[in-house]
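Here's the structure we're looking at; comments come further down.
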Amino acid sequence: MSSSPRIQISRLFLILATGALATGCNGPLPFLSAGALSGQVQPAPETWALTEDFAVVQIETRPSEPYSVNVAYTQIDGRLYLNAGDTETEWVTHIAGDSSVRMRVGEIIYESRAERVTESGEVAAFGTAWTDHSMFHRDPTELERVWIYRLVKP
Numbered sequence: 000m001s002s003s004p005r006i007q008i009s010r011l012f013l014i015l016a017t018g019a020l021a022t023g024c025n026g027p028l029p030f031l032s033a034g035a036l037s038g039q040v041q042p043a044p045e046t047w048a049l050t051e052d053f054a055v056v057q058i059e060t061r062p063s064e065p066y067s068v069n070v071a072y073t074q075i076d077g078r079l080y081l082n083a084g085d086t087e088t089e090w091v092t093h094i095a096g097d098s099s100v101r102m103r104v105g106e107i108i109y110e111s112r113a114e115r116v117t118e119s120g121e122v123a124a125f126g127t128a129w130t131d132h133s134m135f136h137r138d139p140t141e142l143e144r145v146w147i148y149r150l151v152k153p
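Structural data, given as structure tokens:
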């Protein structure tokens, strides 16, 4: 006798939740948000020089009630960008209210400010890098509305 799909999903959720608790998770899991990030805090650099130009990091928004998620970043010529595409996600809404963000790379948390990128030349430069290296290949210059942020020193 096999289990119903509902029971199988419930078991999978229980296994994932138990694993998250057992590892002492202090940040968001894939596709799930969390609260404040922990780690060694330092200010954002003037020029970004992370080891990878394209990867996923954890960002924390809304300092009054921390909200953290996993976000893909793109690094171009010392500038670091976060992209929500054409979806006004919850973290984008938080940044509209307070541009203070914290980004965790490994055990380092960089205190930053997120500036929305709207200048067409910078959006195009980001779009070229994003479509060349992203698995999503959606050029932001072809979207009606787009939420791209550059992280800068606070």
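In this text, residue positions in the sequence shown follow numbering that gives the first Met the number 0: the first is 0, and each later residue adds one.
Glycine is no exception: its CB is placed at the ideal position from the N, C-alpha and C atoms.
Computed from a predicted structure; not experimentally measured.
Assignment of Val-116 by DSSP, reduced to helix, strand and coil, places it in the coil class.
In the DSSP annotation of this structure, the continuous segment of the alpha helix (DSSP H) that includes Val-91 starts and ends at 89-96. Burial is judged here by how many other beta carbons sit within 10 angstroms of a residue's own beta carbon; Arg-115 has fewer than 16 and is exposed. Here Ala-48 has no same chain residue with a Cβ atom under 6 angstroms from its own Cβ, once five neighbours each way along the sequence are excluded.
The beta-bridge partner set that DSSP reports for Ala-33 consists of Ser-67. Per DSSP, the continuous beta strand (DSSP E) segment holding Pro-42 begins and ends at 39-42. Setting aside the 5 residues that flank it on each side, Glu-106 is surrounded in the same chain by Gly-38, Gln-39, each with a C-beta closer than 7 angstroms to its C-beta; the list follows chain order. Restricting attention to Ser-98, Arg-61, Gln-57, the CA atom closest to the CA of Pro-153 is found in Ser-98.
For Trp-129, the three-state secondary structure derived from DSSP is helix. Here Ala-83 is buried. Its C-beta has 16 or more other C-beta atoms within 10 Å. Straight-line measurement puts the Cα of Asp-85 at about 26 angstroms from the Cα of Ala-43.
Cα atoms of Tyr-148 and Leu-79: separation of roughly 8 angstroms, rounded to the nearest angstrom. Counting only residues of its own chain and dropping the five nearest sequence neighbours on each side, Glu-89 has no CB closer than 6 angstroms to any other CB.
The residues Val-70, Tyr-72, Met-102, Arg-103, Val-104, in chain order, have a CB closer than 7 angstroms to that of Val-56 in the same chain once the five nearest residues on each side in sequence are set aside. By the neighbour-count criterion, in which 16 or more other beta carbons inside 10 Å mark a residue as buried, Ala-113 falls on the buried side.
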